[in-house]
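Position in the sequence shown (first residue = 1) + 8 = my numbering. We treat Cβ as the ideally placed atom computed from N, Cα and C, and that holds for glycine. Every value quoted in this text rests on a predicted model; they were computed, and no experiment measured them. One structure is given here, and the rest of the page talks about it.
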Amino acid sequence: QVQLVESGGGLVQAGGSLRLSCAASGRTFSSYAVDWFRQAPGKEREFVTSISFSGHYTYYADSVKGRFTISRDNAKNTVYLQMNSLKREDTAVYYCHQRDAKQATDYWGQGTQVTVSS
C-alpha cells in the first residue's frame, strides 16, 4: 500500500517558480516510477512528467520541457517537481501518481492547486 501526499502548490505570478513535493509512505515507493499529472478546470487530466525508480530517466510533456524538472530522493520517499517560468496555462491541480505493476494498482495523491496569475 502506498499513500501519496502532495504539497507546495499556491498562487504565483507568471514567470515565477514553485516546487511541488510528493511524499510517500509504503515500502515499495522506491521500486517504481512516479509521475506528475495535472488537471485544469474543464479539461481532462494530462501527463506532465515521469521519473524512473532510480531517478536516472525522466520524461516530460512538450508543454513543460525546459521549464519543469522532476527529481526524487528515495531515502526520503519524496519526489519533487521544480516548476520555473510558469505560465497561466500551467494553472491546474497537480497530482502525484505511482503504479505498482506487481499489484496492478494505481495510487494517486489528493492533488495540490497551482494558480498562475498574469
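Query, Result
"From the DSSP output, in three-state form, read off residue 53 for me.", "coil"
"Rounding to the nearest angstrom, what Cα-Cα distance links residue 94 and residue 22 in this structure?", "5 Å"
"Starting from residue 37, follow the beta strand (DSSP E) in both directions and report where the run begins and ends.", "Looking at the DSSP string, residue 37 is not in any beta strand (DSSP E), and its letter there is neither H nor E."
"With DSSP as the reference, label residue 75 as helix, strand or coil.", "coil"
"Which residues in the same chain as residue 63 place their Cβ atom closer than 6 Å to its Cβ, once the five residues preceding and following it in sequence are excluded?", "80"
"Would you call the CB atoms of residue 69 and residue 87 closer than 8 Å?", "no"
"Can the beta-carbon of residue 12 be found closer than 8 Å to that of residue 104?", "yes"
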